[in-house]
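Numbering (my numbering), first residue to last: 7 to 683.
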């Protein structure tokens, strides 16, 4: 019993010391915190002028920014976290208020507008974005009376419409994207509510300058006064359609499409009942008043954050035939990016497929019309282009590529028809635009038709096959020309080597003959010296005259032969090709005389012996080169024959398509398309 009492008393003592500490421990509040403590914090910040809006109990980016400003103004560590020191300072009697620069003003009634110079949203937001900054955007739009719906942190169609309406009211580009300019206008300190802005515009400008009503359905090709009224209204509303001439041309159609897109209407370029109603009900584009520069305030040092990855609302692989909400999201995104796929109806048809293919081509993806993971990612990586502009592949990105475009239907064959849109027109329009895009990227582009005419399936196939065959014939003709040039070059090199080998042979023979004569000369000179008579001894003939020794006559003859042979050697040496003459016909040979040769004695033969040995090695080398060239020559000759035969066969194939080029609309099987061919 005593033991239990002791334990109980010990617990009481512990609680006596711990509970007061727990009771008075200040909580730590930071971004993401929720609850009544956050609401109390917000109320205090609002009272001191650091925070606008309501105390909703959610510690978001605005609350964090307000805490940072309070910390800086009160000499605390600026981290955006409401810890014990910050909370004590906030709830103490010495807390400094934000002052006049942070005071809140009221425009009319209870419509409040932020005058803070700090923009709490740090990234560009667009359809599909998610997060607390989207929630902040929605709250801001709702506060300014631009209905963005529930502040759920998801940038959907309602938020998109609210952003566009805000942009229009401030004279900004109406693209539905919350970038730097839109953010600056949202938090400029002079953003009044929509109702007040509208009243001002109505008081100053009244209704649209063009008071006439549009009563007729207008489309491409329409003419008259109703078109003039339309053009005036579009120009006044900032959707430029050019000269007001009463002719509904491509510029007017593009302006109508831009208007429809900006107002969430079906983007078909036709002024039907819904488009007329909106055009007749809205005022002309207000002139935006210049945004005054906000009063400078200390910039907080934000905690660095990694760049967020774009939110991708598309999660499914989509292709032709797909239906549902995912297709609607895809169609909305394609239209935003300027790849017009028509009405957002949730049906993945030919128009949507064509828009997907154009997008894939523009951004270097496989153009298969299937929205796979790579296409989904790229759709939300890129920024929407300005109306009428597209991002094309880099110049020469497709250089050397050949593309054949086949716009279906045409002429008497309209293809599918829906809401006045004919498949043949859509196919041709896409084909022509695709051709322009591909050419800018350096591709060579062919089209089976580039105007509104009917051509048969056989013609389309024949056209494509002819393009391929023409390219193949061109390629093989180039290869044939190269093979013939190689063959000619090899023949010349072989002829040059034959001349070189022949020249070396003749030179070598002449040298060897010269060596033989030199040897003979010096042998006979040696013998002659042995038989010479005593000095001053004369021999006389029967008639008393002196007789010449027979060996002298023989030596003179030998010297003459040697001189003649030396001339032959020089002649053959001079005839050698220049590239080897220096090595085999040096100055010692070209300048040599018989007298110098005799004076040099038997050693004079050494230079000719050395040259003769080198000539043999050079001839062997030339023979090997010639054999290798003859092999290449034969290969080139075979290639010439092969290419000539292949080109002839391809040209025969081409003749099978002649009928369809003469009669492109004929569907009869003939020529190469006959059964059994």
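All C-beta atoms, glycine included, are put in the ideal place defined by N, C-alpha and C.
Can the beta-carbon of residue i be found closer than 8 angstroms to that of residue j?
i	j	result
residue 448	residue 401	yes
residue 444	residue 364	no
residue 67	residue 158	no
residue 224	residue 232	yes
residue 75	residue 104	yes
residue 84	residue 77	yes
residue 582	residue 649	no
residue 459	residue 412	no
residue 326	residue 359	yes
residue 259	residue 226	yes
residue 70	residue 40	no
Over what stretch of residues does the alpha helix (DSSP H) that includes residue i continue unbroken?
i	result
residue 666	664-668
residue 402	Where residue 402 is concerned, there is no enclosing alpha helix (DSSP H), given that its DSSP letter is neither H nor E.
residue 272	Note, residue 272: premise wrong, no alpha helix (DSSP H); not H, not E.
residue 590	584-590
residue 158	Neither: residue 158 is in no alpha helix (DSSP H) and is coded neither H nor E.
residue 429	429-446
residue 684	Residue 684 is absent from the structure shown; the chain starts at 7 and stops at 683.
State the start and end residues of the unbroken beta strand (DSSP E) segment that holds residue i.
i	result
residue 649	That residue, residue 649, is in no beta strand (DSSP E); its alpha helix (DSSP H) goes 611-661.
With DSSP as the reference, label residue i as helix, strand or coil.
i	result
residue 318	coil
residue 13	Note on residue 13: pLDDT 35, under 50, position unreliable in the model; the coordinate value appears next. Reduced to three states, the DSSP call for residue 13 is helix.
residue 64	strand
residue 329	strand
residue 559	helix
residue 131	strand
residue 44	helix
residue 598	coil
residue 211	Its pLDDT being 37, under 50, residue 211 is placed unreliably by the model, and the measurement read from it follows with that caveat. It is helical.
residue 511	helix
residue 477	helix
residue 419	strand
residue 524	helix
residue 673	coil
residue 461	coil
residue 353	strand
residue 324	strand
residue 388	coil
residue 176	coil
residue 367	helix
residue 604	helix
residue 78	helix
residue 262	helix
residue 57	coil
residue 469	helix
residue 193	coil
residue 579	helix
Between the options, which lies nearest to residue i when the distance is taken from Cα to Cα?
i	options	result
residue 620	384, 104, 586 and 228	586
residue 596	576, 272 and 388	576
residue 185	131, 618, 629 and 615	131
residue 471	453, 80 and 235	453
residue 178	675, 435, 455 and 243	243
residue 599	288, 151 and 570	570
residue 579	606, 421, 520 and 559	520
residue 384	352, 450, 320 and 57	320
residue 603	527, 379 and 637	527
residue 623	639, 510 and 403	510
residue 171	142, 474, 35 and 265	265
residue 660	498, 429 and 475	475
residue 193	410, 45, 168 and 142	142
residue 654	590, 387 and 483	483
residue 3	160, 164 and 152	Since the first and last residues shown for the chain are 7 and 683, residue 3 lies out of range.
Please name the residue or residues paired with residue i in a DSSP beta bridge.
i	result
residue 88	35
residue 453	411
residue 229	253
residue 224	277
residue 184	131
residue 424	427
residue 377	324
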